[in-house]
Amino acid sequence: MDLTRQHGILPQKDMDDLETTIIGVGGIGSWLALALGKMGLPSFRIYDADIVEAPNIPTQAFRLEDEGKGKVQAMQEILIAFTGCSITAIPEHFAGQERLKGIVICAVDKMDTRIDIWQKFVRFNPMISLYVEARMGAEELRVYSLKPTDPDLVHRYEGNLYPSSEAFQAPCTEKSIAYTVFTSAGIISREVKAHLTGEPVAFENILGLKSRVWVVQ
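Numbering (full-length UniProt numbering), first residue to last: 1 to 217.
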């Protein structure tokens with residue numbers, strides 16, 4: 001791709017040899033993968049064992065014809081067509097199949113899964129330069145971004161982890177809408193850009209789209 005119009009914002013040299021892994025390519029992860037590919041990230045790995053179902057299509061980056069395909073297979077096809085980047089698609093839930101390194105983005109559905117990935121594979125892993133974890137529901141979203149070897153940030157992040165049993169359960173007709181996942185993917189992409197260019201990375205972004213309140217710290 002010709003990235004001339006963004007060179008002054010994100011130089012291509014900042015992305016050379018970059019290793020990026022996205023765990024979960026559903027509502028947030030699918031749009032994020034497309035955004036990062038459009039930004040010029042040369043390659044990344046995606047993990048997800050799920051199949052594209054009809055209710056996924058309005059809020060995820062999949063095409064109508066992708067229904068019934070594995071999410072990572074469909075996402076690989078879309079990314080190659082739209083960006084030409086190199087994608088390694090693993091149709092499995094992440095369970096330590098490889099040592100995570102570089103930039104790691106966790107966009108899974110359940111809090112228990114987030115806790116498991118964090119405790120077993122991310123916490124104090126010196127090979128991970130940036131860990132991003134995203135959550136959303138209806139018109140609200142949260143994004144956490146941190147270096148997982150920083151004790152202070154680890155402590156702050158772990159204060160925002162709780163079991164799935166304590167998470168808010170939205171009604172099935174109020175779980176997601178396109179503009180929330182677009183916004184979440186955009187915020188994550190901006191924090192990735194900040195990390196790559198040496199700018200400060202916000203530890204926490206909390207945004208209520210209905211209330212129009214955005215807290216960044």
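A virtual CB, placed ideally from N, CA and C, is assigned to each residue, including glycine.
Residue i at chain D interface by Cβ criterion, 8 Å
i: Gly37; result: Within the model displayed, chain D is absent; a lone protein chain is all it includes.
Sequence-distant residues of the same chain with beta carbon closer than 8 Å to residue i, five excluded per side
i: Asp109; result: Gly24, Gly26
i: Leu79; result: Ala33, Leu34, Gly37, Cys85, Ile87
i: Met127; result: Arg99, Leu100, Lys101, Gly102
i: His195; result: Ile103, Ser129, Leu130, Ser145, Val201
Own chain residues within Cβ distance below 6 Å of residue i, not counting five before or after
i: residue 219; result: Residue 219 falls outside the range modelled here, since the chain spans only 1 to 217, and no answer is possible.
i: Ala107; result: Gly24, Ile28, Gly29, Ala134
i: Thr173; result: Confidence at Thr173 is low in this model, with a pLDDT of 49, below 50, so the placement of that residue should be treated as unreliable; the coordinate-derived value is given next. Within the same chain, Thr173 has no close Cβ partners at all.
i: Ser184; result: Ile28, Ala134, Met136, Leu141
i: Ile187; result: Val143, Asn205
i: residue 293; result: The requested residue 293 is not part of the displayed model; the chain covers only 1 to 217.
Distance between beta carbons of residue j and residue i, contact taken as under 8 Å
i: Ser145; j: Phe203; result: 6 Å
i: Leu41; j: Cys85; result: 6 Å
i: Leu176; j: Thr59; result: Rather than Leu, the amino acid found at residue 176 in this sequence is Ser. Yes, Ser176 and Thr59 are in contact; Cβ-Cβ is about 4 Å, under 8 Å.
i: Val154; j: Arg123; result: 7 Å
i: Val216; j: Leu130; result: That belief does not hold up - the Cβ atoms of Val216 and Leu130 are roughly 17 Å apart, past 8 Å.
i: Tyr162; j: Met111; result: 6 Å
8 Å Cβ cutoff met for residue i and residue j
i: Ile90; j: Val72; result: yes
i: Ile117; j: Phe94; result: yes
i: Ala138; j: Thr197; result: no
i: Leu3; j: Gln12; result: yes
Endpoints, beta strand (DSSP E) assigned at residue i
i: Arg45; result: 43 to 47
i: Val213; result: 213 to 216
i: Val143; result: 140 to 146
i: Thr20; result: 20 to 23
i: Met136; result: 128 to 137
i: Tyr89; result: Checking the sequence, you will find Ala at residue 89 rather than Tyr. Residues 86 to 90.
i: Glu204; result: 204 to 208
Contact set for residue i: own chain, Cβ-Cβ below 7 Å, skip 5 residues either direction
i: Thr83; result: Met1, Gly37, Lys38
i: Ser211; result: none
i: Glu92; result: Tyr47, Ala49
i: Gly8; result: none
i: Gly70; result: Ile51, Pro91
i: Lys120; result: Gly96
Residue i beta carbon near the ligand PLP (any heavy atom closer than 7 Å)
i: Leu41; result: Among the components of this structure there are no ligands whatsoever, and the ligand PLP is therefore not found.
Unbroken alpha helix (DSSP H) run spanning residue i, endpoints
i: Val192; result: 178 to 197
i: Tyr157; result: 151 to 158
i: Thr59; result: Careful: Thr59 lies outside any alpha helix (DSSP H) and carries neither H nor E.
i: Ile80; result: 71 to 83
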